[in-house]
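Everything on this sheet refers to the single structure shown next.
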Amino acid sequence: MNINKCKYQIRYKVESKQIYSGGGSYDQEGNQIKIGKWIELVEGFYCEKQVYYKGEYNMNGMKVGRWDIMFCKYRETKYQIMQILSSIKRNICIYLVLVDHMIQKEIRKSLDSGQNWLKSFIVKDQPIIKVNII
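The sequence shown begins at 45 in my numbering and counts up one residue at a time.
Structure (structure tokens):
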């Protein structure tokens with residue numbers, strides 16, 4: 045099977061250095077189907093929010109396998125993995141721990157009058173723990 049593909053790269057500059065940040069391959073049939081290994085930037089990527097997803101697409105353009113979430117601290121060049129995956133065989137639990145630098149939370153409170161009260165606040169450098177029990 046002969047597959048034609050074109051490369052796609054995303055670049056950004058930090059203090060006049062050009063750093064490779066993302067990209068992958070599309071099929072050349074004009075369908076814009078992503079294939080192979082990809083690095084995808086999160087929405088709103090900029091120097092203080094350097095987060096991307098790294099994984100693979102199959103020949104049909106569907107995500108397959110494990111997709112890692114990578115991040116880089118401000119003014120650094122080394123990316124680190126964001127999630128810690130582990131499993132406990134006895135309880136058959138999978139823990140996914142994500143660390144986010146800025147998390148926006150909302151508190152909604154229903155008042156006696158039927159109106160809603162909304163308060164937004166930002167929490168910095170706090171781990172989020174998501175537990176999936178199988």
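Backbone N, C-alpha and C define an ideal beta-carbon position, used for all residues, glycine too.
Residue interval of the beta strand (DSSP E) (run including R110): On the sequence shown, residue 110 is found 66 positions in, with the first residue counted as 1. Secondary structure note for R110: its beta strand (DSSP E) is the uninterrupted segment K107 to C116.
Of the choices Y70, V95 and G74, whose alpha-carbon is the least far from that of M126? Along the sequence shown, read from residue 1 onward, the residue named residue 126 stands at position 82. Scanning Y70, V95 and G74 for the CA closest to the CA of M126 turns up V95.
Tell me the DSSP secondary structure of I83 in three-state form. For the purposes of this step, residue 83 is taken as residue 39 along the sequence shown, with counting starting at 1. Correct three-state label for I83: strand.
Inspect the beta-carbon positions of Y101 and G68 and report whether they are closer than 9 Å. Start at 1 with the first residue of the sequence shown, and residue 101 comes out as number 57. Start at 1 with the first residue of the sequence shown, and residue 68 comes out as number 24. Closer than 9 Å, so yes.
Which value, in whole angstroms, describes the spacing of the CA atoms of Y97 and W111? Translated into positions along the sequence shown, residue 97 becomes position 53. Translated into positions along the sequence shown, residue 111 becomes position 67. The straight-line gap separating the alpha-carbon atoms of Y97 and W111 is approximately 6 Å.
Just grab the DSSP bridge partners of G99 for me. By one-based count along the sequence shown, residue 99 stands at place 55. W82, per the DSSP bridge assignment.
Residue(s) in a DSSP beta bridge with I77: Taking the first residue of the sequence shown as position 1, residue 77 is located at position 33. I77 is not bridged by DSSP to any residue.
On the three-state DSSP scale, how would you describe K93? Here the question's residue 93 lines up with position 49 in the sequence shown. If DSSP states are grouped into helix, strand and coil, K93 belongs with the strands.
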